[in-house]
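Colleague:
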Amino acid sequence: MTVLLLVAIGGACGALAHYVITGSVTDSRRVLLLTMVSCGVLGFFVAASPPQWILGLAGFGFLASLAPMSSVALLTVGYARRRRFRVAALFLTANVVGAIACAMLGFLLWKSGVTLYSKL
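Read in order, the letters of the sequence shown correspond to residues 20 to 139 in the working numbering.
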């Protein structure tokens with residue numbers, strides 16, 4: 020129950036930070052950059068294996084809500100309504116594939132750094 024409350028608190032802070040950073044949801048470059056960076060940091064953070072309460076608060080609360088897919092969906096639907104289907108498909112694909120790739124990159128950067136450090 021405590022971890023769930025911490026996830027909610029981190030989520031509220033992350034949503035406020037997302038609102039402040041993006042300014043308005045109409046800027047697709049900011050949303051894309053914010054999604055990539057937060058997913059990369061989230062992958063790095065998960066690989067570090069912090070205690071469960073820190074992972075809930077900072078990882079799955081703050082960082083996961085900092086890059087909400089609802090903004091991506093809103094922008095994609097906006098492009099599709101303006102009949103810019105190619106841009107909508109490219110934007111959605113870039114966000115989904117890029118977010119997964121950045122999370123994997125962050126995870127692998129931590130794991131490879133730990134492996135390198137242990138061999139020294």
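Cβ coordinates follow ideal geometry from the N, Cα and C atoms, glycine included.
Taking the alpha-carbon positions, what's the residue 106 to residue 129 distance?
Modeller: In a straight line, the C-alpha of residue 106 is about 34 Å away from that of residue 129.
Colleague: Counting Cβ pairs closer than 8 Å, one from the region 78 to 89 and one from the region 20 to 29, do we hit at least three?
Modeller: Judged by Cβ distances under 8 Å, the region 78 to 89 makes contact with the region 20 to 29, as three or more pairs qualify.
Colleague: If we count Cβ pairs, one from each stretch, closer than 8 Å, do we get three or more for the region 54 to 61 versus the region 85 to 98?
Modeller: Yes, the region 54 to 61 is in contact with the region 85 to 98.
Colleague: If we ignore side chains and look at the alpha-carbon of each, how far apart do residue 134 and residue 127 end up?
Modeller: Whole-angstrom Cα-Cα distance: 10 Å.
Colleague: Is the beta carbon of residue 75 closer than 7 Å to that of residue 22?
Modeller: Cβ distance < 7 Å, so residue 22 and residue 75 count as in contact.
Colleague: Go ahead and pull the three-state DSSP assignment for residue 67.
Modeller: DSSP places residue 67 in coil when its eight states are reduced to three.
Colleague: Applying the criterion that 16 or more other CB atoms from any shown protein chain within 10 Å of the CB defines a buried residue, is residue 112 buried or exposed?
Modeller: That one is exposed.
Colleague: With distances taken between CB atoms, is the gap from residue 114 to residue 96 smaller than 7 Å?
Modeller: Not in contact: residue 114 and residue 96 (Cβ atoms no closer than 7 Å).
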